[in-house]
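Below is one structure, written out as structure tokens; the observations come after it.
There are 2 protein chains.
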Amino acid sequence: MGHNQWLTSEEQRTWRAFLAANRLLMDQLGRQLQHDSGMPHPYYEILVRLSEVPGRELRMSQLATSSMSSRSRLSHAVAKMEEAGWVRRKECETDRRGAVCELTDAGFAALEDAAPGHVATVRENLFDQLTPEQVVQLGEISEAVVKHLGGDKLWPLGDRQS
Amino acid sequence: MGHNQWLTSEEQRTWRAFLAANRLLMDQLGRQLQHDSGMPHPYYEILVRLSEVPGRELRMSQLATSSMSSRSRLSHAVAKMEEAGWVRRKECETDRRGAVCELTDAGFAALEDAAPGHVATVRENLFDQLTPEQVVQLGEISEAVVKHLGGDKLWPLGDRQS
DNA sequence: CCTAACACATTGAGCGTTCAACTAATTCCG
DNA sequence: CGGAATTAGTTGAACGCTCAATGTGTTAGG
């Protein structure tokens, strides 16, 4: 692994602030979404992915990686969301093992309902606290981490065309 | 709240990278800790706080805020860690409602066992991917978020003496 | 071909977290 | 002082996630 065994004091400081910021931010986001829209944050992310793709449907596998879920997590989540009527499972034409997950109109509507409050929370608690340069910096830092953790296959993050 | 309703495209990009980085990083950390040391990441953080304080004991309430737990979460967590023998509950002398949580020798040992692997994972997946300037930037960004989210009362984060 | 290895997706048990409800002690204030 | 509001901490049910195991379809290699 890296250089020494321990963190420098600058790294320590950063690490602790990072942990605190993340937990506070994510807790806040989750609370807001759950309270105002009755969905946990990961479900929201799944709906977003589906809503952005042509046909509003995706193979379970691609939906999993693009929403950073394990397959298992996604299965459970889709089961719940199917009960809620937000999503529908279909068989895959080209691979009989596969399943395709399709966003329903009700699901799209739920997403449209949830989005404004969610975005406002993100803005208030993150972007309103940062300078424009810091927004860029945070993006670069995050992309470096994602790149290392194999998130290559995530989506346009690398911003080549498409 | 903030300016407009939506995020700029730069903010969008940053936000998605940030979400991906966080989930990938935290999942990795949790997996490593659980696998190698049999504890979830939040428990590790609690042990760390206790280990750093004189007497290795803290009021439940302070332990909760300093580890960014809800009271309820901490109660459940301490119950589990008490079963594991890592921690012990004592009555509070000055407030009969209160409880004090004390780190046992076994708990300290468990922490010492877990630390090297954990730190190595943090280093490999975060700090080794960043330039020294980015480490500073991430610290500043995180502190801005923490400050807004009322993490004032967390701990020396604001780096006044103490 | 036909089997062995692999990939897709689901399932259930176990666990940690949340939320709301609750007990009990303390503080505030008229 | 004495009652109301606040604060400390716990509890149980509901729920999402992880992990390991399973079923089933696909691909590769002898």
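As you go down the protein sequences, you meet chains S and F in turn.
Taken in order, the first sequence gives residues 1 to 162; the numbers are from this note's numbering.
Taken in order, the second sequence gives residues 1001 to 1162; the numbers are from this note's numbering.
From the three backbone atoms N, C-alpha and C, an ideal C-beta is built for every residue, glycine too.
Residue contact with chain S for F:Glu1011: present (Cβ-Cβ distance below 7 Å to some residue of chain S). Inside the stretch 1040-1065 of chain F, DSSP marks whole beta strand (DSSP E) runs of 3 or more residues at positions 1057-1059, from first to last along the chain. For the stretch 138-149 of chain S, the beta-carbon criterion of a distance under 9 Å to any beta-carbon of chain F is satisfied by Leu138, Gly139, Glu140, Ile141, Ser142, Glu143, Ala144, Val145, Val146, Lys147, His148, Leu149. Judged by DSSP in its simplified three-state form, F:Ala1084 adopts coil rather than helix or strand. Below the 7 Å Cβ cutoff, chain F contributes Leu1138, Ser1142 as neighbours of S:Phe18, in chain order. Of the other Cβ atoms in all chains shown, 16 or more fall within 10 Å of the Cβ of F:Cys1101; this residue is therefore buried. When the alpha-carbon of S:Glu112 is set against those of S:Arg16, S:Glu45, S:Glu10, S:Arg31, the nearest one is in S:Glu45.
As DSSP reads the structure, F:Leu1103 sits in a beta bridge with F:Val1087.
The Cβ neighbour count for F:Trp1086, taken over all protein chains shown within 10 Å, is at least 16; the residue is labelled buried. Just so you know, the alpha carbons of S:Ser67 and S:Pro42 end up roughly 8 Å apart. Shortest Cα-Cα distance from F:Glu1082 to any of F:Ser1072, F:Ala1106, F:Ser1061 involves F:Ala1106. Taking a C-beta distance under 7 Å as the contact criterion, F:Leu1033 and F:Asn1125 do not qualify as a contact pair. Separation of the CB atoms of F:Ser1037 and F:Ala1114 is rounded to 4 Å, and the pair is thereby assigned contact status at 8 Å. Interface with chain F (7 Å Cβ-Cβ cutoff): S:Phe108 is excluded. Looking from the CA of F:Arg1059, the closest CA among F:Arg1097, F:Ser1142, F:Ala1084, F:Ala1144 belongs to F:Arg1097. Taking a contact as a CB-CB distance under 8 Å, the pair S:Gly139 and F:Thr1014 counts as one, their CB atoms being some 4 Å apart. Linking F:Lys1090 to F:Ala1099 through their CA atoms gives a straight-line distance of about 6 Å.
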